[in-house]
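According to full-length UniProt numbering, the residues represented by the sequence shown are 1 to 1094, in order.
The block underneath contains the structure these notes are about, expressed in structure tokens.
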Amino acid sequence: DFVDSSVDSLPLCSSAYEAENSGRYSKVVKNLSRFDFTPHIDTLCSKFLEGTRKWVLEQIRAWFNDTSCENRVFIIRGEPGMGKSVIAAVVSHEMAAQLAASHYFQYDNTRYNNTCLFLQSLALQMCGVIPGFKQALTNQVFENFRYDFNEKSAENLFTLLFAHTFSEMSDPGSGIFLIVIDGIHDIESSSQKEFVDLISNHFHKLPNFIRFLITTSSEEKIENLNPLYLEIDEEMNRKDLKIFIKSQLPQSILDRELVVPQLVELSGDLMLNARFLCEIILSQCESEKYVLPKTSEKVFQQYFTMLENKWENITNFSRETFVSLLSVLLVAREPLPIAFLETAVLDKFDVPPCNLNSILLKALSYISSLFIMNEDHICFIHKSVKDWLVHHYNVDSQYGHKILAKVCVEYLDNVKNFRIKTRTLFSTAKVDFALRHCIYHMLQERDKYINFVTTYAVDLYVLYASICVNIDTAIENFDIIINHEEYESLCDQTKENLNQLLQLLLTFQFVLRKRPHSFFQLVINETTHDLSSNASEFLKSFKKFQYFEVVRHGPETIQEYFECSAFPYTSIDVSYQTNNVVLCLKVLSLTDGSWQQGPFSCDGKCFFTNCCFSPDYTMMVTTCVDSSLLVWDLVNAVKVKNIECPSVPNSFSFSASGNFLAAVGTSSILVHDVENDFMIKETVSLQTLRFRDHAKLICTFRSDAWLLETDNSDIYVICSDGSTSRGHPLVNLKELYLPHNSKALTDCNGVSNFGYKTSWITEARKSYVKKEGGNIALDRCTFIPLDDNNALAISNSNEESQSTCLLRVDLSKFKNVKSYISRDSTIIYQHDPNSQKFSILRFLNGEWQFSEKFVKPVIAFAVVLSGVFLVTSSTELEFWNTDCSNCLKSFPQASKINRCETVSKHTIACITECEVNFIDSRNEEVVSTTSLSPNEDVFACSSKYDVVVIELHSWPTVVFLVRNNERVGTFDVYFDMYKAVYSPDARMLVVASVGGDISILDIDNLKYFSWMSSFSLILSDGIHFVNDMYFVYGERIKKRYLLYLCDDCKIVSCFSFKDEPKAISMNPEIQTLVVSFQASRFTEFKIHLPEWKR
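What follows is the structure, given as structure tokens:
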């Protein structure tokens, strides 16, 4: 997909090459995720007590400093609560200079436990530490910008970010680097093996100067890295526990020397238990005797009983409030915003809202040893605490879901009803949490499902807010809704809306991850009326977003429509006069659509569904009710021959010479010699060809051969001598749609354009015809050319009525016609550069209608406010009024014009081989002339009469700015320059390459200030400015138009098409865009911009 091109504070650069390299790394940062664990590391380090864990740290230092050690990974394995994360944090802090990256898995944060995000974060952290890695990674990521890195498999992502990146590097010679990975056991069991396999199977591929420190409670083994396991030394661990407990208990504590060893024993060798036991002792300082748990398994029970009593006695809140607090934290899938607790736990108390936060924080301070509070979020101090609550404490998880769902809905109502105007407000802790987790908590209550889905899930603004926060969570929430057991109870319209929105999120998640504001435009583009109309109404009422609005469509291409409702026909042919169709020995007039009895008669046993004519139209062959073929004399209208066939032929055709007749049966192809009384000349077995059930002749080939298509879509050449060949060496037959009739392709002249992918049939099959009860697509039709400008399309797609549809198609509509709009938007000019035909359409009675065709051939034209300049076949220039009814002036001096283009609403530039003439329509005079040298070509002309001239056959490409017929500056282009367009005020120049790179040049300084790449081929005239701040960019292959903001080359909107756009024209005065397609079709758009940026 396309690259986010906003380059923050990108300096002016002397070349496109410098602009490109200045912005590449910022794009890497924008496309990959990085986790900052600095606050988490600081919190863990604050719990570390100097003097403890020396035995662990000394072994880690010795292992790391021993460059000859073959153990690539050092693994600390111990029970939960032993203090492994604190050790990892201390090592990260102590070895910061050699710390390449660190990652701390957390049980309550699903993003930290995502494999792809984990790898992305490691890669970005290494950029700032390992010399050379940043540039190598930038090159790798930049080359693969079209991919969504969050969607790649872990193996492929590792290969891209690390294996390929390090393959471009040599050893930086800076010693050994360390990667710290903490808490693999905190990952869900379903994903834990995936991480272990990733580390085992791929991390050994990293260079030897990278080592790993891993902490875990899991028994999973890590292979291929020759791991060094550190098992817990009980004696040393108990010494550390003793040091820690002594540090926590003051000297004045009663029986301190007796209590310390007792607490060490009760701790069960776990640092977390030791911490809780110290809290218990300190809470009993005023007692004459300490009450301690009898066993280590009872530590948590007594600890929570202590906290419960403290909560009730000191805070004056009830035990019910304490349990509510625990239940809410228990079901939260990630650290909970403290503001949620204000509403969830204290909202029912008679407390002024302004005091809620301070009261809650004070209450939490009395039980702070149970929690970790960072940046206004709160969670349990350890996963083991949460696990114990689930199994041993009277906490109602369903009640926790209910409270959180209620609070989340309140915030969603604010989002929905008050239309938060700034995207940054979605990122506030409360709104962020509600948008990501409301569905999860709400759907725990089955009776709330339907109301929630219809009220919130399909609300476009709520979904937009969710996308702004996290597109992955938005997709996950839709999966939960659609897979819920109550899904079938939804109405059909709601289910359809849900599925459309999920499909949109899945298809465009890479776009939405970068540009959430494009969501409403995508809804308009990709969904049905119910959703698209809501999105359109929102955009009209909300003046903040830029978007495309469809205003009018061009006329349809189908001229006439007929239907024969007897039964489907598998083969049809047209009589010599080309105005009658023979069907079942009846004649359909293409003139008035009437049916007539044909001149042929037969006994009642005959039943005809297939027929074909000989090239000289003297004979006709039809099927019969049995497996016979009937030969008819067209001159005398009599049957002359009955050909027995081994099976019913499903297709048959004369050769182009008329000397042979080929008939395809179920197992063979029979070639009959026409001049020898239709005797069988050759038999071709279908078993030698690749097909499953059937094959059919699709047209003749050269004089005495046919093209055969199998149900595998393979094309074979069948020759009259019985020889066969798959495909043809000169053309790719599978990419061509060929005419279905008995004429040789060479007889079709310019109609079929055999050998070119852009044949009229290829384009005609992309169209459709409107019909009452539904449209008829032409993609499965067969075509019979009638003449150079007309063809008959035959469709058997109406399965319900088993009917054959006949459509007369105007072939002229499928030529390479481009549409342009007049400056007052009242007229559309259409031009076919091949035939040099020029047509005019007016908007009458609610639709575009052809007004007239211009008499003279037109080579090129340019539209201005008061009329249109036309370059005639004599290469002379003429100025006509808007409706081309009157020639206002001729310019005989402007001859041999190669092309002309509009540079302002009054001025055009006429380009010849030796000069550029600027002509002003107001005074109808040449106002400026720029001379050209023989080795120069013009790439852009401005409203100030500046000309961008490129020096041919130079590398790097040298481009000159010419003003007043003098070169005033030059700039280099380090790619194949393909298109350049000036802004209306002539202060900026957009330069595009063949491959889709775009650079924006500041004309005053001749310096580049922005750059992007779309990795897609641009249309020949695919760049147009909307105003001085915005331009549109047409991508041919991806079939879409992008709206860019010039300041930072940032994409602000996108409109996709089903068909490939061919050209665009722009009316900057009213910001109207006309997009041309094949078949003379076009669509008119209005581009809406924010009011403050218009």
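For every residue, glycine included, the Cβ atom is placed at its ideal position computed from N, Cα and C.
By the C-beta criterion, the segment 191-206 is judged not to be in contact with the segment 54-65, since fewer than 3 inter-stretch pairs fall below 8 Å.
According to the DSSP assignment, phenylalanine 300 belongs to the alpha helix (DSSP H) that extends over 299-315. The beta-carbon distance between leucine 206 and phenylalanine 162, rounded to whole angstroms, is 6 Å. This is short enough to meet the 8 Å contact definition. Inclusion of isoleucine 908 and isoleucine 919 in the CB contact set at 9 Å is warranted, their separation being smaller than that value. Exposure of methionine 679 is indicated by the presence of fewer than 16 other C-beta atoms within 10 angstroms of its C-beta.
For methionine 442, the three-state secondary structure derived from DSSP is helix.
Taking the C-beta atoms as reference points, serine 327 is found no nearer than 9 Å to isoleucine 381. It is roughly 23 Å from the alpha-carbon of histidine 377 to the alpha-carbon of serine 318. The bridge partners DSSP lists for glutamate 915 are Ser931. Membership of histidine 392 in any beta strand (DSSP E) is not indicated; the residue belongs instead to the alpha helix (DSSP H) covering 383-392. Residue pairing by DSSP places threonine 683 opposite Leu670 in a beta bridge. For the segment 463-511, the full-length alpha helix (DSSP H) segments reaching 4 residues or more read 471-482 and 492-507 along the chain.
The C-beta of arginine 967 has fewer than 16 other C-beta atoms within 10 Å across all chains shown, which makes the residue exposed. Shown here, valine 640 sits in a strand according to DSSP, grouped into three states. Between valine 990 and phenylalanine 1025, the C-beta spacing is below 9 Å. Assignment of leucine 336 by DSSP, reduced to helix, strand and coil, places it in the strand class.
Excluding its 5 nearest sequence neighbours in each direction, alanine 344 has C-beta neighbours in its own chain below 6 Å: Val328, Ile403 and Val407, listed in chain order. The criterion of a C-beta distance shorter than 9 Å is not satisfied by cysteine 611 and threonine 618.
Here leucine 505 has Ile467, Ile471, Ala474, Ile475, Phe478 and Leu512 as same chain residues with Cβ atoms under 8 Å from its own Cβ, once five neighbours each way along the sequence are excluded.
Counting the other CB atoms within 10 Å of its CB gives tyrosine 229 a total below 16, which places it among the exposed residues. Here aspartate 530 is exposed. Its C-beta has fewer than 16 other C-beta atoms within 10 Å. Contact between the segment 92-108 and the segment 245-264 is not established, with fewer than three Cβ pairs separated by less than 8 Å. If you draw a straight line from the Cα of isoleucine 214 to the Cα of valine 331, it comes to about 29 Å. For cysteine 645, there is no enclosing beta strand (DSSP E), as DSSP gives it neither H nor E. For histidine 694, there is no enclosing alpha helix (DSSP H), since its DSSP letter is neither H nor E. Between serine 822 and asparagine 1067, the gap from beta carbon to beta carbon is short of 9 Å. The distance from the Cβ of valine 196 to that of isoleucine 184 is about 7 Å, consistent with a contact at the 8 Å cut-off. Collapsing the DSSP output to three states places threonine 38 in a helix.
Annotated three-state conformation of arginine 256 is helix, per DSSP. The Cβ atoms of glycine 83 and leucine 282 do not sit closer than 9 Å to each other. For aspartate 240, there is no enclosing beta strand (DSSP E); the residue is part of the alpha helix (DSSP H) that begins and ends at 234-248. Under DSSP, glutamine 830 takes part in a beta bridge, and its partners are Ser819 and Ser839.
Judged by their CB atoms, glutamate 876 and serine 890 are nearer to each other than the 9 Å cut-off.
The Cβ-Cβ distance between serine 931 and serine 904 does not fall below 9 Å. When DSSP states are grouped into helix, strand and coil, glutamate 966 belongs to the strand group. Look at threonine 321 here: in three-state DSSP terms it is helix.
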